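**Student:**
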Amino acid sequence: MKTIAVKAIARADFGKKAAKAIRREGLVPCVLCGNGETINFTIDPREVKPLIYTPNSYLVELDFGDKKEKAVLRETQFHPVREEILHMDFFRVSEGKPVAITVPVRLTGNAEGVKVGGKLVLSARKLTIAALEENLPDEIVVDVTNLGVGHTIFVGDLKYENIQFVTPASAAVCAVRVTRASRGAE
-3 MKTIAVKAIA RADFGKKAAK AIRREGLVPC VLCGNGETIN FTIDPREVKP
47 LIYTPNSYLV ELDFGDKKEK AVLRETQFHP VREEILHMDF FRVSEGKPVA
97 ITVPVRLTGN AEGVKVGGKL VLSARKLTIA ALEENLPDEI VVDVTNLGVG
147 HTIFVGDLKY ENIQFVTPAS AAVCAVRVTR ASRGAE
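Reading the sequence shown from the start, the letters are residues -3 to 182 in this note's numbering.
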């Protein structure tokens, strides 16, 4: 999985008043949790734009100057009107422990049902998986070549080594819907 490096500045002030002061300076208050330790810090919002405004998922390497921490982005809070980042939560990635992260889905192949006139519909753009850091994929590739009209691929149908799906097995990934053209072809 790809990694993005972000410079972080540890902070000691907490609460609403401190967060407002940090935002007035043009920075974003953040929290890093995991392994029983919590670190409060600030980052420049321009550094995290490639992390937030993309469909891809990344590991984040937070650089505190004296030490570096690997993490994944858990949540981002935005202002409801101005769309500026208000707060970010990160979760620490530990060596030897699986980490849960959402990964984009990419469909490959030409579905049999589409050739007959059906419509291919992607139901889940991202799936949540759990895996060790070295086994995290950049994307989940789903082959739809044998998918006929009216058939669906569920999360439970996907099999990948060293990856466990956190998304429920009954969730649909993609399907070929019946259209008027496909009914006429039958």
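Backbone N, C-alpha and C define an ideal beta-carbon position, used for all residues, glycine too. Bear in mind the structure is a predicted one, so any value in this text is a computation, not a measurement.
(1) Under three-state DSSP, which class holds Asn31?
(2) Among Phe86, Pro133, Val117 and Val27, which has the Cα closest to the Cα of Thr148?
(3) Would Pro94 and Ser53 be called neighbours here (beta carbons separated by less than 8 Å)?
(4) For Ala96 and chain D, any beta-carbon pair shorter than 8 Å?
(5) Using only the alpha-carbon positions, how far apart do Pro164 and Ala14 sit?
(6) Going by other Cβ atoms of all chains shown within 10 Å of its Cβ, with 16 needed for buried, is Thr38 buried or exposed?
(7) Please name the residue in Ala167, Gly114 and Gly105 whose C-alpha comes closest to that of Asp139.
(8) In terms of residues, what are the limits of the beta strand (DSSP E) holding Glu65?
(9) Quick check on this structure: which residue in Lys63, Gly146, Ser119 and Lys(-2) has the alpha carbon closest to the alpha carbon of Arg173?
(10) What's the C-alpha gap between Val44 and Val68?
(11) Hey, out of Ala127, Gly92, Asn131 and Gly144, whose CA is closest to Lys111's CA?
(12) Secondary structure at Lys155, three-state DSSP: helix, strand or coil?
(13) Residue ranges of each alpha helix (DSSP H) run of no fewer than 4 residues wholly in the region 48 to 131, ordered along the chain?
(14) For Arg70, which residues in the same chain have their Cβ closer than 7 Å to its Cβ, ignoring the five residues on either side in sequence?
(15) Mapping DSSP to helix, strand and coil, what is Arg42?
(16) Look at the alpha carbon of Glu33 and the alpha carbon of Gly109, and state the distance between them as a whole number of angstroms.
(17) Report the three-state DSSP secondary structure of Ala8 (helix, strand or coil).
**Tutor:** Taking the definition as stated:
(1) As a first step, residue 31 must be located in the sequence shown, where it is residue number 35. Coil, per DSSP.
(2) Translated into the one-based positions of the sequence shown, residue 148 becomes position 152. Looking at the Cα atoms, Val117 is the closest of the given residues.
(3) Locating residue 94 in the sequence shown gives position 98, where the first residue counts as 1. Locating residue 53 in the sequence shown gives position 57, where the first residue counts as 1. Cβ distance not < 8 Å, so Pro94 and Ser53 don't count as in contact.
(4) The structure shown contains no chain D, having only a single protein chain.
(5) What you label residue 164 is simply residue 168 of the sequence shown in a count that begins at 1. What you label residue 14 is simply residue 18 of the sequence shown in a count that begins at 1. Going from the Cα of Pro164 to the Cα of Ala14 covers about 39 Å.
(6) Translated into the one-based positions of the sequence shown, residue 38 becomes position 42. Buried, since its Cβ has 16 or more Cβ neighbours within 10 Å.
(7) By one-based count along the sequence shown, residue 139 stands at place 143. Considering only alpha carbons, the answer is Gly105.
(8) In the sequence shown, residue 65 corresponds to position 69, counting from 1. Counting along the chain, the beta strand (DSSP E) containing Glu65 begins and ends at Lys64 to Phe74.
(9) Here residue 173 refers to the residue found at position 177 when the sequence shown is read from its first residue. Closest option to Arg173, Cα to Cα, is Gly146.
(10) What you label residue 44 is simply residue 48 of the sequence shown in a count that begins at 1. What you label residue 68 is simply residue 72 of the sequence shown in a count that begins at 1. The straight-line gap from Cα to Cα measures roughly 12 Å.
(11) As a first step, residue 111 is located in the sequence shown; it is residue number 115 there, counting from the start. Comparing Cα-Cα distances from Lys111 to each of Ala127, Gly92, Asn131 and Gly144, the minimum goes to Gly144.
(12) Stepping through the sequence shown from its first residue, residue 155 is reached at position 159. Three-state result, Lys155: coil.
(13) 108 to 112
(14) One-based indexing of the sequence shown puts residue 70 at position 74. So the qualifying residues of the chain are Asp85, Phe86 and Phe87.
(15) Here residue 42 refers to the residue found at position 46 when the sequence shown is read from its first residue. Arg42 falls in the coil class under three-state DSSP.
(16) Indexing the sequence shown from 1 puts residue 33 at position 37. Indexing the sequence shown from 1 puts residue 109 at position 113. Going by the C-alpha atoms only, they are around 51 Å apart.
(17) On the sequence shown, position 12 is the one that residue 8 refers to. Three-state DSSP puts Ala8 in coil, outside helix and strand.
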